[in-house]
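Numbering (my numbering), first residue to last: 63 to 522.
Backbone N, C-alpha and C define an ideal beta-carbon position, used for all residues, glycine too.
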(Lines of atoms letter the chains of each structure in order from A and count residues from 1; the text may use other names and numbers.)
(Lines give C-alpha, C1' and ligand atoms only; values in the text may rest on other atoms or scores of the structure.)
Protein backbone atom coordinates (compact mmCIF):
# COMPACT_ATOMS: atom_id res chain seq x y z
CA UNK A 1 0.00 0.00 0.00
CA UNK A 2 1.37 3.44 -0.96
CA UNK A 3 1.39 5.77 2.02
CA UNK A 4 0.47 9.37 1.20
CA UNK A 5 2.97 11.73 2.80
CA UNK A 6 2.61 15.41 3.63
CA UNK A 7 5.95 17.22 3.35
CA UNK A 8 5.92 20.36 5.54
CA UNK A 9 7.18 23.60 3.97
CA UNK A 10 9.03 26.43 5.74
CA UNK A 11 5.70 28.22 6.10
CA UNK A 12 4.18 25.13 7.68
CA UNK A 13 7.09 24.95 10.15
CA UNK A 14 6.52 28.55 11.22
CA UNK A 15 2.78 28.06 11.61
CA UNK A 16 3.17 24.87 13.61
CA UNK A 17 5.68 26.53 15.95
CA UNK A 18 3.35 29.46 16.62
CA UNK A 19 0.38 27.14 17.22
CA UNK A 20 2.43 24.84 19.45
CA UNK A 21 3.37 27.77 21.68
CA UNK A 22 -0.22 29.00 21.70
CA UNK A 23 -1.46 25.55 22.75
CA UNK A 24 0.61 25.71 25.96
CA UNK A 25 -1.67 28.34 27.44
CA UNK A 26 -4.91 27.13 25.90
CA UNK A 27 -7.78 25.86 28.04
CA UNK A 28 -8.47 22.89 25.77
CA UNK A 29 -6.12 20.03 24.92
CA UNK A 30 -5.43 21.35 21.44
CA UNK A 31 -5.79 24.35 19.16
CA UNK A 32 -6.43 24.26 15.43
CA UNK A 33 -6.06 26.39 12.36
CA UNK A 34 -7.89 25.57 9.16
CA UNK A 35 -7.45 26.79 5.61
CA UNK A 36 -9.04 25.74 2.34
CA UNK A 37 -6.88 22.64 1.97
CA UNK A 38 -5.18 22.08 5.33
CA UNK A 39 -6.09 21.53 8.97
CA UNK A 40 -3.30 22.12 11.49
CA UNK A 41 -3.83 20.74 14.99
CA UNK A 42 -1.42 21.64 17.81
CA UNK A 43 -1.57 19.65 21.04
CA UNK A 44 -1.03 21.14 24.46
CA UNK A 45 2.41 20.48 25.93
CA UNK A 46 3.59 20.21 29.51
CA UNK A 47 6.67 21.00 31.58
CA UNK A 48 5.59 18.90 34.56
CA UNK A 49 7.64 15.80 35.43
CA UNK A 50 4.50 13.93 36.49
CA UNK A 51 3.19 14.19 32.93
CA UNK A 52 6.14 12.16 31.63
CA UNK A 53 6.81 9.55 34.31
CA UNK A 54 4.59 7.02 35.97
CA UNK A 55 5.50 3.76 37.71
CA UNK A 56 8.47 1.65 36.70
CA UNK A 57 10.47 1.72 33.48
CA UNK A 58 9.83 5.44 33.01
CA UNK A 59 6.14 4.88 32.41
CA UNK A 60 6.71 2.39 29.59
CA UNK A 61 3.70 0.33 28.54
CA UNK A 62 2.52 -1.80 25.62
CA UNK A 63 0.71 0.13 22.93
CA UNK A 64 -3.03 -0.52 22.55
CA UNK A 65 -3.24 -2.80 19.50
CA UNK A 66 -6.90 -1.93 18.96
CA UNK A 67 -5.92 1.70 18.35
CA UNK A 68 -2.55 0.97 16.76
CA UNK A 69 -2.70 -2.46 15.08
CA UNK A 70 0.39 -1.69 13.01
CA UNK A 71 2.64 -0.79 15.93
CA UNK A 72 4.08 -4.22 16.48
CA UNK A 73 6.52 -6.68 15.05
CA UNK A 74 3.88 -8.12 12.76
CA UNK A 75 5.06 -11.70 12.42
CA UNK A 76 5.59 -12.23 16.14
CA UNK A 77 2.72 -10.07 17.38
CA UNK A 78 5.17 -8.23 19.66
CA UNK A 79 3.61 -4.91 20.59
CA UNK A 80 5.59 -1.68 20.59
CA UNK A 81 6.07 0.08 23.90
CA UNK A 82 5.17 3.73 24.43
CA UNK A 83 5.00 6.20 27.27
CA UNK A 84 1.97 5.17 29.32
CA UNK A 85 0.88 8.69 30.25
CA UNK A 86 1.09 9.86 26.63
CA UNK A 87 -1.03 6.87 25.57
CA UNK A 88 -3.54 7.52 28.35
CA UNK A 89 -3.80 11.20 27.39
CA UNK A 90 -4.29 10.28 23.74
CA UNK A 91 -7.10 7.86 24.63
CA UNK A 92 -8.80 10.66 26.57
CA UNK A 93 -8.40 12.86 23.52
CA UNK A 94 -10.09 10.26 21.31
CA UNK A 95 -13.00 10.19 23.73
CA UNK A 96 -13.44 13.88 22.99
CA UNK A 97 -16.24 13.82 20.42
CA UNK A 98 -15.36 17.35 19.31
CA UNK A 99 -11.80 16.39 18.32
CA UNK A 100 -12.86 13.38 16.24
CA UNK A 101 -15.72 15.24 14.57
CA UNK A 102 -13.45 18.14 13.57
CA UNK A 103 -10.88 15.76 12.11
CA UNK A 104 -13.49 13.72 10.23
CA UNK A 105 -15.16 16.87 8.92
CA UNK A 106 -11.82 18.04 7.51
CA UNK A 107 -11.20 14.64 5.93
CA UNK A 108 -14.64 14.63 4.29
CA UNK A 109 -13.78 18.00 2.75
CA UNK A 110 -10.55 16.54 1.39
CA UNK A 111 -8.29 18.62 3.62
CA UNK A 112 -4.81 17.44 4.47
CA UNK A 113 -3.91 17.10 8.15
CA UNK A 114 -0.77 18.46 9.84
CA UNK A 115 -0.29 17.59 13.51
CA UNK A 116 2.14 19.34 15.82
CA UNK A 117 3.10 20.00 19.41
CA UNK A 118 5.89 21.08 21.72
CA UNK A 119 7.31 18.87 24.47
CA UNK A 120 4.56 16.51 25.72
CA UNK A 121 2.31 17.91 22.97
CA UNK A 122 4.77 16.52 20.42
CA UNK A 123 4.32 13.02 21.84
CA UNK A 124 0.54 13.39 21.47
CA UNK A 125 0.99 14.67 17.92
CA UNK A 126 3.10 11.61 17.07
CA UNK A 127 0.49 9.22 18.48
CA UNK A 128 -2.31 11.08 16.70
CA UNK A 129 -0.40 10.89 13.42
CA UNK A 130 0.21 7.17 13.74
CA UNK A 131 -3.42 6.55 14.66
CA UNK A 132 -4.72 8.58 11.69
CA UNK A 133 -2.37 6.88 9.26
CA UNK A 134 -3.62 3.51 10.45
CA UNK A 135 -7.29 4.43 10.73
CA UNK A 136 -7.75 6.59 7.65
CA UNK A 137 -4.91 5.71 5.27
CA UNK A 138 -4.47 1.96 5.84
CA UNK A 139 -7.96 0.83 6.87
CA UNK A 140 -10.31 3.33 5.21
CA UNK A 141 -7.99 3.86 2.20
CA UNK A 142 -8.29 7.64 2.40
CA UNK A 143 -5.97 9.59 0.08
CA UNK A 144 -5.60 12.61 2.34
CA UNK A 145 -2.05 13.57 3.23
CA UNK A 146 -1.05 13.40 6.88
CA UNK A 147 2.07 15.00 8.36
CA UNK A 148 3.66 15.60 11.73
CA UNK A 149 6.06 18.29 13.01
CA UNK A 150 7.19 18.21 16.64
CA UNK A 151 9.39 20.50 18.74
CA UNK A 152 11.37 19.22 21.72
CA UNK A 153 9.28 16.08 21.85
CA UNK A 154 10.35 13.26 24.20
CA UNK A 155 11.17 9.90 22.68
CA UNK A 156 7.87 8.10 22.39
CA UNK A 157 8.48 4.43 21.48
CA UNK A 158 10.88 1.58 21.70
CA UNK A 159 12.46 0.21 18.52
CA UNK A 160 9.47 -2.00 17.67
CA UNK A 161 7.31 0.99 16.79
CA UNK A 162 9.39 1.54 13.67
CA UNK A 163 8.16 -1.69 12.11
CA UNK A 164 4.89 -0.06 11.18
CA UNK A 165 4.73 0.52 7.45
CA UNK A 166 3.22 3.96 7.67
CA UNK A 167 5.56 5.08 10.43
CA UNK A 168 8.56 4.04 8.40
CA UNK A 169 7.42 5.58 5.13
CA UNK A 170 5.77 8.71 6.49
CA UNK A 171 7.96 9.72 9.39
CA UNK A 172 11.48 8.48 8.71
CA UNK A 173 11.99 8.52 4.95
CA UNK A 174 14.02 11.73 5.22
CA UNK A 175 15.84 13.27 8.15
CA UNK A 176 15.38 17.04 8.33
CA UNK A 177 17.30 19.52 10.44
CA UNK A 178 15.66 22.75 11.61
CA UNK A 179 17.33 25.99 12.76
CA UNK A 180 16.21 27.26 16.15
CA UNK A 181 14.32 30.54 16.29
CA UNK A 182 16.63 33.26 14.99
CA UNK A 183 16.32 36.58 13.27
CA UNK A 184 14.79 34.91 10.26
CA UNK A 185 12.39 32.74 12.29
CA UNK A 186 12.13 28.99 11.84
CA UNK A 187 13.67 27.68 8.66
CA UNK A 188 13.67 24.12 7.35
CA UNK A 189 17.22 23.29 6.28
CA UNK A 190 17.79 21.18 3.19
CA UNK A 191 16.84 17.56 3.76
CA UNK A 192 19.46 14.89 4.10
CA UNK A 193 18.44 11.43 2.98
CA UNK A 194 19.55 8.87 5.56
CA UNK A 195 20.81 6.64 2.78
CA UNK A 196 23.33 9.35 1.79
CA UNK A 197 24.35 10.34 5.30
CA UNK A 198 27.93 9.15 4.88
CA UNK A 199 28.42 11.47 1.92
CA UNK A 200 27.43 14.43 4.07
CA UNK A 201 29.19 13.50 7.30
CA UNK A 202 32.46 12.70 5.54
CA UNK A 203 33.62 16.16 4.52
CA UNK A 204 35.24 15.07 1.27
CA UNK A 205 31.78 14.83 -0.29
CA UNK A 206 29.98 17.53 1.66
CA UNK A 207 28.44 20.57 -0.02
CA UNK A 208 27.89 24.17 1.01
CA UNK A 209 24.19 23.47 1.16
CA UNK A 210 24.54 20.89 3.91
CA UNK A 211 22.95 21.70 7.24
CA UNK A 212 25.57 23.01 9.65
CA UNK A 213 23.86 20.89 12.32
CA UNK A 214 25.61 17.94 10.68
CA UNK A 215 29.04 19.48 11.08
CA UNK A 216 28.45 20.61 14.66
CA UNK A 217 28.06 16.99 15.78
CA UNK A 218 30.91 15.67 17.88
CA UNK A 219 32.92 12.67 16.72
CA UNK A 220 30.94 10.22 18.87
CA UNK A 221 27.60 11.39 17.45
CA UNK A 222 28.91 11.19 13.91
CA UNK A 223 30.16 7.64 14.41
CA UNK A 224 26.80 6.65 15.87
CA UNK A 225 25.00 8.00 12.80
CA UNK A 226 27.45 6.29 10.49
CA UNK A 227 26.97 3.01 12.36
CA UNK A 228 23.19 3.34 11.98
CA UNK A 229 23.57 3.88 8.25
CA UNK A 230 25.88 0.88 7.88
CA UNK A 231 23.40 -1.28 9.81
CA UNK A 232 20.63 -0.19 7.44
CA UNK A 233 22.81 -0.95 4.44
CA UNK A 234 23.45 -4.44 5.82
CA UNK A 235 19.70 -4.98 6.13
CA UNK A 236 19.21 -3.94 2.51
CA UNK A 237 21.93 -6.38 1.43
CA UNK A 238 20.18 -9.15 3.34
CA UNK A 239 16.96 -8.29 1.53
CA UNK A 240 18.83 -8.43 -1.79
CA UNK A 241 20.00 -11.95 -0.88
CA UNK A 242 16.39 -12.99 -0.31
CA UNK A 243 15.39 -11.47 -3.64
CA UNK A 244 17.77 -13.89 -5.37
CA UNK A 245 15.31 -16.64 -4.44
CA UNK A 246 12.45 -14.76 -6.12
CA UNK A 247 11.76 -15.03 -9.83
CA UNK A 248 11.27 -11.31 -10.49
CA UNK A 249 14.69 -10.42 -9.08
CA UNK A 250 16.83 -13.38 -10.12
CA UNK A 251 19.13 -12.85 -13.09
CA UNK A 252 18.88 -15.04 -16.16
CA UNK A 253 22.14 -16.72 -15.23
CA UNK A 254 21.15 -18.62 -12.09
CA UNK A 255 23.61 -19.62 -9.42
CA UNK A 256 23.83 -23.40 -9.36
CA UNK A 257 22.77 -23.56 -5.71
CA UNK A 258 19.95 -21.04 -5.96
CA UNK A 259 16.42 -22.37 -5.56
CA UNK A 260 13.63 -20.13 -6.81
CA UNK A 261 10.52 -19.98 -4.63
CA UNK A 262 8.13 -19.70 -7.57
CA UNK A 263 9.77 -22.60 -9.43
CA UNK A 264 9.46 -24.88 -6.41
CA UNK A 265 5.90 -23.70 -5.93
CA UNK A 266 5.08 -24.48 -9.55
CA UNK A 267 6.40 -28.03 -9.18
CA UNK A 268 4.22 -28.72 -6.14
CA UNK A 269 1.20 -27.15 -7.83
CA UNK A 270 1.75 -29.54 -10.73
CA UNK A 271 1.97 -32.42 -8.23
CA UNK A 272 -1.18 -31.17 -6.47
CA UNK A 273 -3.22 -30.94 -9.67
CA UNK A 274 -2.01 -34.32 -10.93
CA UNK A 275 -2.87 -36.06 -7.66
CA UNK A 276 -6.26 -34.38 -7.40
CA UNK A 277 -7.17 -35.92 -10.76
CA UNK A 278 -6.37 -39.41 -9.45
CA UNK A 279 -7.93 -41.72 -6.89
CA UNK A 280 -6.46 -39.81 -3.91
CA UNK A 281 -5.75 -36.10 -3.51
CA UNK A 282 -2.30 -34.65 -2.94
CA UNK A 283 -2.72 -34.57 0.84
CA UNK A 284 -3.48 -38.30 1.11
CA UNK A 285 -0.91 -39.21 -1.54
CA UNK A 286 1.79 -37.24 0.26
CA UNK A 287 0.83 -38.82 3.56
CA UNK A 288 1.07 -42.34 2.11
CA UNK A 289 4.38 -41.73 0.24
CA UNK A 290 3.77 -44.73 -2.04
CA UNK A 291 5.30 -43.35 -5.24
CA UNK A 292 8.46 -41.61 -6.38
CA UNK A 293 6.50 -38.42 -7.15
CA UNK A 294 5.53 -38.24 -3.49
CA UNK A 295 9.18 -38.51 -2.48
CA UNK A 296 10.14 -35.71 -4.90
CA UNK A 297 7.37 -33.53 -3.46
CA UNK A 298 8.81 -34.08 0.01
CA UNK A 299 12.29 -33.03 -1.15
CA UNK A 300 10.70 -29.94 -2.69
CA UNK A 301 8.95 -29.21 0.62
CA UNK A 302 12.24 -29.36 2.51
CA UNK A 303 13.98 -27.07 0.00
CA UNK A 304 11.17 -24.53 0.23
CA UNK A 305 11.16 -24.74 4.03
CA UNK A 306 14.89 -23.99 4.10
CA UNK A 307 14.37 -20.73 2.18
CA UNK A 308 11.53 -19.51 4.36
CA UNK A 309 13.19 -20.56 7.61
CA UNK A 310 16.16 -18.35 6.70
CA UNK A 311 13.75 -15.46 6.06
CA UNK A 312 12.02 -16.07 9.39
CA UNK A 313 15.31 -16.12 11.27
CA UNK A 314 16.39 -12.84 9.64
CA UNK A 315 13.09 -11.24 10.65
CA UNK A 316 13.48 -12.47 14.22
CA UNK A 317 17.04 -11.10 14.42
CA UNK A 318 15.85 -7.77 12.96
CA UNK A 319 18.32 -8.17 10.10
CA UNK A 320 15.92 -6.90 7.42
CA UNK A 321 14.51 -3.43 6.66
CA UNK A 322 11.47 -2.37 8.69
CA UNK A 323 9.23 -2.33 5.62
CA UNK A 324 10.08 -5.94 4.73
CA UNK A 325 7.10 -7.41 6.60
CA UNK A 326 4.65 -5.27 4.62
CA UNK A 327 6.33 -5.72 1.24
CA UNK A 328 3.44 -6.55 -1.10
CA UNK A 329 5.34 -9.09 -3.20
CA UNK A 330 6.54 -10.96 -0.14
CA UNK A 331 3.07 -11.01 1.43
CA UNK A 332 1.47 -12.35 -1.76
CA UNK A 333 4.18 -14.96 -2.35
CA UNK A 334 4.21 -16.01 1.31
CA UNK A 335 0.45 -16.50 1.21
CA UNK A 336 0.66 -18.77 -1.82
CA UNK A 337 3.48 -20.72 -0.20
CA UNK A 338 1.53 -21.17 3.04
CA UNK A 339 -1.66 -22.36 1.34
CA UNK A 340 0.10 -24.91 -0.87
CA UNK A 341 2.77 -26.24 1.49
CA UNK A 342 1.24 -26.22 4.97
CA UNK A 343 -1.12 -29.15 4.23
CA UNK A 344 2.01 -31.13 3.26
CA UNK A 345 3.68 -30.28 6.56
CA UNK A 346 0.53 -31.37 8.37
CA UNK A 347 0.39 -34.61 6.38
CA UNK A 348 4.04 -35.27 7.24
CA UNK A 349 3.41 -34.54 10.93
CA UNK A 350 0.52 -36.99 11.25
CA UNK A 351 2.12 -39.55 8.93
CA UNK A 352 4.94 -39.93 11.42
CA UNK A 353 2.59 -39.79 14.42
CA UNK A 354 4.71 -36.99 15.89
CA UNK A 355 1.91 -35.94 18.19
CA UNK A 356 1.88 -39.40 19.76
CA UNK A 357 5.54 -39.06 20.75
CA UNK A 358 5.40 -35.54 22.16
CA UNK A 359 1.75 -35.22 23.10
CA UNK A 360 1.71 -31.91 21.22
CA UNK A 361 -0.85 -31.05 18.59
CA UNK A 362 0.39 -29.67 15.27
CA UNK A 363 -1.07 -26.24 16.09
CA UNK A 364 1.15 -26.07 19.18
CA UNK A 365 4.36 -26.77 17.25
CA UNK A 366 3.28 -25.08 14.02
CA UNK A 367 6.36 -23.83 12.12
CA UNK A 368 7.02 -20.09 12.27
CA UNK A 369 7.26 -19.94 8.48
CA UNK A 370 3.49 -20.40 8.40
CA UNK A 371 2.67 -18.24 11.41
CA UNK A 372 4.70 -15.34 10.02
CA UNK A 373 3.30 -15.50 6.48
CA UNK A 374 -0.24 -15.76 7.87
CA UNK A 375 0.23 -12.68 10.05
CA UNK A 376 1.65 -10.69 7.15
CA UNK A 377 -1.33 -11.60 4.98
CA UNK A 378 -3.92 -10.83 7.64
CA UNK A 379 -2.31 -7.49 8.49
CA UNK A 380 -2.28 -6.51 4.81
CA UNK A 381 -5.96 -7.40 4.52
CA UNK A 382 -6.91 -5.68 7.80
CA UNK A 383 -8.20 -8.81 9.52
CA UNK A 384 -7.46 -10.17 12.97
CA UNK A 385 -5.17 -13.15 13.48
CA UNK A 386 -6.99 -16.49 13.45
CA UNK A 387 -5.40 -19.55 15.00
CA UNK A 388 -7.24 -21.83 12.56
CA UNK A 389 -6.92 -20.67 8.97
CA UNK A 390 -7.67 -21.92 5.47
CA UNK A 391 -4.18 -23.43 5.26
CA UNK A 392 -4.07 -25.36 8.55
CA UNK A 393 -7.64 -26.46 9.36
CA UNK A 394 -6.72 -29.99 8.22
CA UNK A 395 -4.68 -30.32 11.41
CA UNK A 396 -7.87 -29.74 13.40
CA UNK A 397 -9.60 -32.46 11.36
CA UNK A 398 -6.73 -34.84 12.14
CA UNK A 399 -7.05 -34.09 15.86
CA UNK A 400 -10.80 -34.74 15.75
CA UNK A 401 -10.05 -38.02 13.97
CA UNK A 402 -7.71 -39.02 16.79
CA UNK A 403 -10.42 -38.20 19.34
CA UNK A 404 -12.84 -40.54 17.55
CA UNK A 405 -10.31 -43.37 17.27
CA UNK A 406 -8.88 -42.96 20.76
CA UNK A 407 -10.96 -40.54 22.88
CA UNK A 408 -8.99 -38.39 25.32
CA UNK A 409 -10.63 -35.02 25.84
CA UNK A 410 -13.88 -35.03 23.83
CA UNK A 411 -17.08 -36.98 23.49
CA UNK A 412 -18.50 -38.01 20.12
CA UNK A 413 -21.07 -35.22 20.45
CA UNK A 414 -18.34 -32.62 21.02
CA UNK A 415 -16.43 -33.90 17.99
CA UNK A 416 -19.59 -33.56 15.88
CA UNK A 417 -20.10 -29.98 17.08
CA UNK A 418 -16.48 -29.07 16.37
CA UNK A 419 -16.70 -30.62 12.91
CA UNK A 420 -19.85 -28.63 12.12
CA UNK A 421 -18.16 -25.42 13.28
CA UNK A 422 -15.16 -26.22 11.09
CA UNK A 423 -17.38 -26.85 8.06
CA UNK A 424 -18.97 -23.43 8.53
CA UNK A 425 -15.53 -21.83 8.56
CA UNK A 426 -14.62 -23.67 5.37
CA UNK A 427 -17.79 -22.38 3.70
CA UNK A 428 -16.79 -18.86 4.70
CA UNK A 429 -13.30 -19.24 3.23
CA UNK A 430 -14.74 -20.64 0.00
CA UNK A 431 -16.97 -17.58 -0.30
CA UNK A 432 -14.10 -15.17 0.38
CA UNK A 433 -13.20 -13.56 -2.94
CA UNK A 434 -9.74 -12.64 -1.64
CA UNK A 435 -8.74 -16.31 -1.34
CA UNK A 436 -7.32 -17.81 -4.53
CA UNK A 437 -9.16 -21.13 -4.48
CA UNK A 438 -6.69 -23.05 -6.66
CA UNK A 439 -3.96 -22.83 -4.01
CA UNK A 440 -6.06 -24.07 -1.08
CA UNK A 441 -6.56 -27.70 -0.11
CA UNK A 442 -10.18 -27.95 1.02
CA UNK A 443 -9.73 -31.26 2.84
CA UNK A 444 -12.47 -33.24 1.10
CA UNK A 445 -10.77 -36.61 1.57
CA UNK A 446 -9.89 -36.21 5.24
CA UNK A 447 -13.30 -34.69 6.04
CA UNK A 448 -15.01 -37.65 4.39
CA UNK A 449 -12.81 -40.04 6.36
CA UNK A 450 -13.70 -38.29 9.64
CA UNK A 451 -17.43 -38.42 8.90
CA UNK A 452 -17.12 -42.14 8.17
CA UNK A 453 -15.26 -42.73 11.46
CA UNK A 454 -17.91 -40.74 13.32
CA UNK A 455 -20.71 -42.82 11.83
CA UNK A 456 -18.95 -46.05 12.83
CA UNK A 457 -18.32 -44.76 16.35
CA UNK A 458 -21.98 -43.82 16.81
CA UNK A 459 -23.08 -47.32 15.76
CA UNK A 460 -20.86 -48.93 18.39
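With distances taken Cα to Cα, identify the nearest neighbour of residue i among the options.
i, options, result
"residue 484", "79, 457, 330 and 470", "457"
"residue 25", "171, 370 and 508", "Given a span of 63 to 522 for the chain in the structure shown, any question on residue 25 remains unanswerable."
"residue 290", "202, 206 and 383", "383"
"residue 141", "126, 154 and 147", "126"
"residue 167", "215, 97, 124 and 105", "97"
"residue 173", "103, 135 and 182", "103"
"residue 361", "388, 326, 495 and 346", "326"
"residue 90", "354, 398, 183 and 447", "183"
"residue 395", "476, 304 and 472", "304"
"residue 404", "349, 79, 160 and 509", "349"
"residue 300", "381, 355 and 336", "381"
"residue 82", "72, 95 and 105", "105"
"residue 87", "461, 107, 165 and 508", "107"
"residue 376", "448, 210, 74 and 302", "302"
"residue 211", "427, 482, 74 and 437", "74"
"residue 436", "157, 330, 499 and 451", "451"
"residue 488", "503, 477 and 342", "503"
"residue 378", "132, 122, 431 and 150", "431"
"residue 190", "92, 287 and 356", "92"
"residue 411", "448, 298 and 363", "363"
"residue 518", "482, 509 and 466", "466"
"residue 357", "464, 132, 333 and 311", "333"
"residue 442", "78, 162, 143 and 201", "201"
"residue 448", "197, 132, 366 and 139", "139"
"residue 203", "444, 416 and 422", "444"
"residue 324", "400, 175 and 386", "400"
"residue 162", "197, 298 and 135", "197"
Let's see if you can read the secondary structure: which residues bound the beta strand (DSSP E) around residue i?
i, result
"residue 537", "Coverage of the chain is limited to positions 63 through 522, which leaves residue 537 absent and any answer about it impossible."
"residue 212", "208 to 213"
"residue 175", "174 to 180"
"residue 123", "122 to 124"
"residue 144", "143 to 145"
Can you tell me where the alpha helix (DSSP H) holding residue i begins and where it ends?
i, result
"residue 475", "474 to 493"
"residue 402", "390 to 413"
"residue 196", "Note, residue 196: premise wrong, no alpha helix (DSSP H); not H, not E."
"residue 499", "Unbroken run through residue 499: none, as it is neither H nor E."
"residue 455", "455 to 467"
"residue 302", "281 to 305"
"residue 335", "323 to 338"
"residue 80", "72 to 86"
"residue 350", "344 to 350"
"residue 426", "Taken as a continuous stretch (DSSP letters only), residue 426 belongs to no alpha helix (DSSP H), as it is neither H nor E."
"residue 89", "Run containing residue 89: none; DSSP gives neither H nor E here."
"residue 510", "506 to 521"
"residue 163", "159 to 170"
May I ask you to list the residues that DSSP assigns as paired with residue i?
i, result
"residue 94", "103"
"residue 440", "According to DSSP, which records beta bridges pairwise, residue 440 is partnered with nothing at all."
"residue 135", "140"
Assuming residue i and residue j make a contact with CB atoms under 8 Å, what is their CB distance in whole Å?
i, j, result
"residue 320", "residue 306", "6 Å"
"residue 208", "residue 195", "6 Å"
"residue 434", "residue 505", "Not quite, the Cβ-Cβ distance comes to about 23 Å (not below 8 Å), so this is no contact."
"residue 129", "residue 193", "6 Å"
"residue 148", "residue 186", "6 Å"
"residue 462", "residue 406", "Contact flag wrong, Cβ pair sits at about 20 Å."
"residue 409", "residue 345", "5 Å"
"residue 94", "residue 154", "The pair is not a contact, with the Cβ atoms about 17 Å apart (cut-off 8 Å)."
"residue 402", "residue 439", "So it is not a contact: roughly 14 Å between Cβ atoms."
"residue 180", "residue 152", "The Cβ separation is near 16 Å, so there is no contact."
"residue 459", "residue 426", "Residue 459 to residue 426, Cβ: 16 Å. No contact."
"residue 335", "residue 322", "Not really, about 20 Å apart at Cβ, beyond 8 Å."
"residue 146", "residue 178", "Contact flag wrong, Cβ pair sits at about 22 Å."
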